[in-house]
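Engineer: Below is one structure. I have some questions about it.
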Amino acid sequence: MYMARDWQDYEIIDTGGGEKLERWGDVILRRPDPQIIWPLANESAQWKNVHGHYHRSSSGGGHWEMKKSIPDSWSISYGKLKFHLRPTNFKHTGLFPEQAANWSWMMDKIAGAGRKIQVLNLFAYTGGATVAAAAAGASVVHVDAAKGMVQWAKENLQLSGLGERPVRFITDDVFKFVQREERRGNKYDAIIMDPPSYGRGPGGEMWKLEQSLYPFLESCLSIMSDQPLFLLINSYTTGISPTVLENMLAMTMKSRYGGSISSGEIGLPITASGLHLPCGILGRWES
Numbered sequence: 001m002y003m004a005r006d007w008q009d010y011e012i013i014d015t016g017g018g019e020k021l022e023r024w025g026d027v028i029l030r031r032p033d034p035q036i037i038w039p040l041a042n043e044s045a046q047w048k049n050v051h052g053h054y055h056r057s058s059s060g061g062g063h064w065e066m067k068k069s070i071p072d073s074w075s076i077s078y079g080k081l082k083f084h085l086r087p088t089n090f091k092h093t094g095l096f097p098e099q100a101a102n103w104s105w106m107m108d109k110i111a112g113a114g115r116k117i118q119v120l121n122l123f124a125y126t127g128g129a130t131v132a133a134a135a136a137g138a139s140v141v142h143v144d145a146a147k148g149m150v151q152w153a154k155e156n157l158q159l160s161g162l163g164e165r166p167v168r169f170i171t172d173d174v175f176k177f178v179q180r181e182e183r184r185g186n187k188y189d190a191i192i193m194d195p196p197s198y199g200r201g202p203g204g205e206m207w208k209l210e211q212s213l214y215p216f217l218e219s220c221l222s223i224m225s226d227q228p229l230f231l232l233i234n235s236y237t238t239g240i241s242p243t244v245l246e247n248m249l250a251m252t253m254k255s256r257y258g259g260s261i262s263s264g265e266i267g268l269p270i271t272a273s274g275l276h277l278p279c280g281i282l283g284r285w286e287s
């Protein structure tokens, strides 16, 4: 498991009963997590004395029960990187802290490349990887279809003091963008992607990860440079094995460029129990 262990401003305090108790800076939140299928050993006062508790609805979705006043948004740091947070209607806060394991890895790769690196961040959300890559010295193109998420990513870049770095923020359909980049002849040394489990394409066609990821990965080969540095796939789709990502990278990136592949779960430590919480999977190809 690839662990994000170096957080100071984030912590999973405890887990159990389908929920996790988290500290985001000074804000304590209680949120559901489908991986937590073990019981809660002790619902201590800390579990009850939270700022916010997200309750799932039996009909889908859910809502926040705010027990204490918190700002509309606040920020936390990971090293020199800074991120705005705010509770969303979908239980999230705008940041996936387990991804810090990937940020550290890609920052080391970029800083050690000895050349200018052009990074493409697809399905880029609020820009954790974008901020990390920019901080390491890369030029970055950040693409997401949601205008609000792109704006949030811009705020994170500014908050980290990186507003002058060469980063282009693009609100667009990711598939269309890759096709246009191929026609324009633009190339990238590194590609990061965090594709959804389900979605709609530009023509209304259904995206289903199991059916669509491999052809999309193949299409990305056309915009890789002659000396690519890495390609990273993150996935939160249940039922997909890390070995599946490894196999796809072997059939695409390694077949063409050589290099090496690694894959596995990505996770976070749990303070109370000393256990590890799995939070998704990754596949990495690197030169």
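If you're matching positions, the sequence shown starts at 1 in UniProt numbering and goes up one per residue.
The beta carbon of each residue, even a glycine, is placed where N, CA and C say it ideally should be.
Between which residues of its own chain and residue 166 is the CB-CB distance below 6 Å, once the five residues before and five after are set aside?
Structural biologist: Taken in chain order, the residues that qualify are 139.
Engineer: Can you list the alpha helix (DSSP H) stretches of 4 or more residues lying completely in the stretch 167 to 213, in chain order?
Structural biologist: Correct list: 174 to 184.
Engineer: Whole beta strand (DSSP E) runs in the stretch 122 to 154 with 3 or more residues, listed along the chain?
Structural biologist: Here the runs fully enclosed are 139 to 144.
Engineer: Report the start-end ranges of each beta strand (DSSP E) in the stretch 76 to 116 that is 3 residues or longer and not cut off at the edges.
Structural biologist: 81 to 85, all fully within the stretch 76 to 116.
Engineer: Could you check what DSSP says for residue 50 in three-state terms: helix, strand or coil?
Structural biologist: Note: residue 50 maps to coil in three-state DSSP.
Engineer: Could you tell me which uninterrupted beta strand (DSSP E) segments, each at least 3 residues in length, are contained entirely in the stretch 6 to 43, listed from first to last along the chain?
Structural biologist: Correct list: 10 to 16, 19 to 24 and 27 to 32.
Engineer: Quick check on residue 94: buried or exposed, where buried means 16 or more other Cβ atoms within 10 Å of its Cβ?
Structural biologist: Looking at its Cβ environment, which holds 16 or more other Cβ atoms inside 10 Å, residue 94 is buried.
Engineer: Across the stretch 172 to 189 and the stretch 140 to 148, are there enough close Cβ pairs to call them in contact, namely three or more that are closer than 8 Å?
Structural biologist: Result yes; three or more Cβ-Cβ pairs closer than 8 Å.
Engineer: For residue 65, report the span of its beta strand (DSSP E) as first-last.
Structural biologist: Counting along the chain, the beta strand (DSSP E) containing residue 65 begins and ends at 62 to 66.
Engineer: Given residue 123, which residues of its chain have a CB within under 7 Å of its CB, disregarding the five upstream and five downstream residues?
Structural biologist: Correct list, in chain order: 144, 174, 193, 194, 195 and 196.
Engineer: On a CA-only basis, which of 134, 97, 92 and 34 is nearest residue 109? Give me that one, please.
Structural biologist: Looking at the Cα atoms, 134 is the closest of the given residues.
Engineer: Between residue 31 and residue 269, how many whole angstroms is the CB-CB distance? I'm expecting something under 8 Å.
Structural biologist: 17 Å between Cβ atoms; not a contact.
Engineer: Since residue 75 and residue 85 should fall inside the 8 Å C-beta cutoff, what is the C-beta to C-beta distance between them, to a whole number of angstroms?
Structural biologist: Between residue 85 and residue 75 the Cβ distance is about 7 Å, and since that is below 8 Å, they are a contact.
Engineer: Thinking C-alpha only, which one of 245, 62 and 171 is nearest residue 281?
Structural biologist: Out of 245, 62 and 171, 245 has the C-alpha closest to the C-alpha of residue 281.
Engineer: Taking all protein chains shown into account, do 16 or more other C-beta atoms lie within 10 angstroms of the C-beta of residue 235, making it buried, or fewer, making it exposed?
Structural biologist: Buried, because 16 or more other Cβ atoms sit within 10 Å of the Cβ of residue 235.
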